[in-house]
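Take a look at the structure set out below.
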Amino acid sequence: MSCSYADGLSPYDNKGILGLEEKYESAETLRLKCGLLAEWIEGARHAVVHTGAGISTAAGIPDFRGPSGVWTLEQKGLKPEKSISFNDATPTKTHMALKQLIECQKVKFIISQNIDGLHLRSGIPRKNLAELHGNMFVEQCDKCGRQFIRNFATTSVGKKCLETVCRSELIGGRPCRGKLHDTILDWEHNLPDNDLALSDLHSSVADLSICLGTTLQIIPSGNLPLYTKKYGGRLVICNLQPTKHDKKADLIINGNVEDIITNVMKKLGLEIPDYKSDLDPTRNTDTSTIEMDWTIPSSWIKEMKVLHKKVCKPTKRTRKTFMYEREKIECPIKSKSKKSTLSVEEESVIHCNQQTLDDAICANDSIGCNENIKNEILDVYNINSHDTESVESTTSTIEEMCNNPNEISNR
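So, in structure tokens, the structure goes:
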């Protein structure tokens, strides 16, 4: 599990901000935001997903910086209670949904910081996946650079030699005979060249970057979504904790990624496939007879460079006004000043809720329609006009608050 991986790393003090409070959207707000995200995915030309440890917690693998994360507990001298090996963990709904989105070509590429191998095991093709920090089920030759899938998780961390001989053939048919090593990075290792190159190019070409289950604290992985913003695209962050780039996001969804992806797939009209072990490459690899290649060929990078030149060069010259010639869909949740794209029914619900709050507050003569006090009351109770239940449960207390405005400052 991630504990054994963490124990294998070199000592390192700067592990980022740990244990930040988690936030959850109301059910109604989550539904609205997921609906908007589904619209953006449907309309995207080149959507890219950035994944972190938060998408694997449902598989029993702890994250690192959450309230019960590996680094957070380590800081307190504790260990996570849940324990599952990388061999026994299986892809979650999020992993399988991403596989489906790739197959439907609604997502073009996935950039993962995870080393658990669950993207590989879900069946995502190598051409659609970059694994920036390595993969527990992949070994690499120190001579020819080729990567191979194994049917077991390595027990080694830090690109250590495994004393296994590479059986691939070089040009001319000569055996390579290089030594294989694990692909798991230690703190000071450089990211794998080919994975990073594809990540840079796809992030720049993307008109939509979606971050799932990551606080974006690790550099350079955490800065890749900003390449999308640089060239006029949208940035969506789905995470329970605040992230490093929240201020730059076009949409933030605070919630469990399993709930978010389930809502989005429902809006898109897509089924989430079940994990099937017989389609798992790590379950179908006999390392004594078969070498399953997981190497990124240079031709894929050349293809992306051509696309990057075509898309990003004109965008860079006219970045302030050029938006990939796509239809703008403003986010109604982030800013009240932007044009709403809600349905007539949704707008009606919000209007009725806002009117209910206005009537409840303005009914008291001592306060009337004082906007400042009204807003202060709404802030105190964290009332969301999208959430009918929140409005109904709060209006009964507003009269008391209006009669005792000094109460507000004490709450």
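For what it's worth, the UniProt record's numbering labels the leading residue of the sequence shown as 1, then goes sequentially.
Quick reminder that beta carbons are idealized off the backbone N, C-alpha and C, glycines included.
Quantities reported herein were computed from a predicted structural model and do not represent experimental measurements.
Check, Outcome
"Closest by C-alpha distance to Lys159, when choosing among Leu185, Gly60, Glu303", "Leu185"
"Three-way DSSP call (helix, strand, coil) for Pro225 in this model", "helix"
"Spatial distance of Gln100 from Ile124 (CA atoms)", "9 Å"
"Contact between the region 131 to 144 and the region 165 to 182 (3+ Cβ pairs under 8 Å)", "yes"
"For Asp88 and Asn151, the rounded distance between their alpha carbons", "12 Å"
"DSSP beta-bridge partners of His50", "Ile111, Cys211"
"Assumed close pair Cys166, Ile210 - CB separation to whole angstroms, cut-off 8 Å", "The pair is not a contact, with the Cβ atoms about 37 Å apart (cut-off 8 Å)."
"Given Lys247 as reference, the closest of Ala197, Val236, Lys313 once Cα atoms are compared", "Val236"
"Selected residue, minimal CA-CA separation from Ile55, among Lys76, His245, Ala97, Ile84", "Ala97"
"Assumed close pair Lys23, Leu240 - CB separation to whole angstroms, cut-off 8 Å", "6 Å"
"Length at least 4, wholly inside the region 52 to 107: the alpha helix (DSSP H) runs in chain order", "70 to 75, 93 to 103"
"Cβ distance (whole Å) where Arg121 is taken to contact Pro91 below 8 Å", "6 Å"
"Identified DSSP bridge partners for Leu235", "Ser209"
"Inter-residue spacing [alpha-carbon to alpha-carbon] between Arg45 and Val311", "11 Å"
"Close-in-space but distant-in-sequence residues of the same chain around Thr57 (CB under 7 Å, 5 per side omitted)", "Asp63"
"Identified DSSP bridge partners for Ala130", "Ile111"
"Buried or exposed by the 16-neighbour rule on C-beta atoms within 10 Å, applied to His189", "exposed"
"Segment contact flag, the region 261 to 272 with the region 34 to 50, C-beta cutoff 8 Å, min 3 pairs", "yes"
"Residue environment, Thr94, which counts as buried when at least 16 other CB atoms sit within 10 Å", "buried"
"Neighbour-count burial assignment, Asp274, 16 or more Cβ in a 10 Å radius", "exposed"
"Environment of Asp278 [buried if 16+ CB atoms lie within 10 Å]", "exposed"
"Three-state secondary structure (DSSP) of Val264", "helix"
"Member of Thr72, Leu196, Ser156 whose CA lies at the smallest distance from the CA of Gln113", "Leu196"
"Cutoff 8 Å; reference Lys244; Cβ partners in own chain excluding five residues on either side", "Thr215, Leu216, Gln217, Gly222"
"C-alpha gap between Glu258 and Glu25, whole angstroms", "14 Å"
"Nearest-angstrom Cα separation, counted from Thr228 out to Ile115", "24 Å"
"Leu78 to Thr154 span [Cα, whole Å]", "25 Å"
"Own chain partners of Arg146 with C-beta closer than 6 Å, once the 5 adjacent residues on each side are dropped", "Ser168, Thr295"
"Cβ neighbour criterion (16 or more within 10 Å) applied to Val205", "buried"
"Contact under 8 Å by Cβ, residue 412 with Val157", "Any question about residue 412 goes unanswered here, given that the chain covers just 1 to 411."
"Closest by C-alpha distance to Ile252, when choosing among Cys34, Gly16, Glu303", "Cys34"
"Bridge partners - Cys141, DSSP secondary structure assignment", "Leu180"
"Start and end residues, alpha helix (DSSP H) containing Glu42", "27 to 43"
"Own chain residues within Cβ distance below 7 Å of Leu226, not counting five before or after", "His245, Lys248"
"Sub-8 Å separation of Ile111 and Leu201 beta-carbons", "no"
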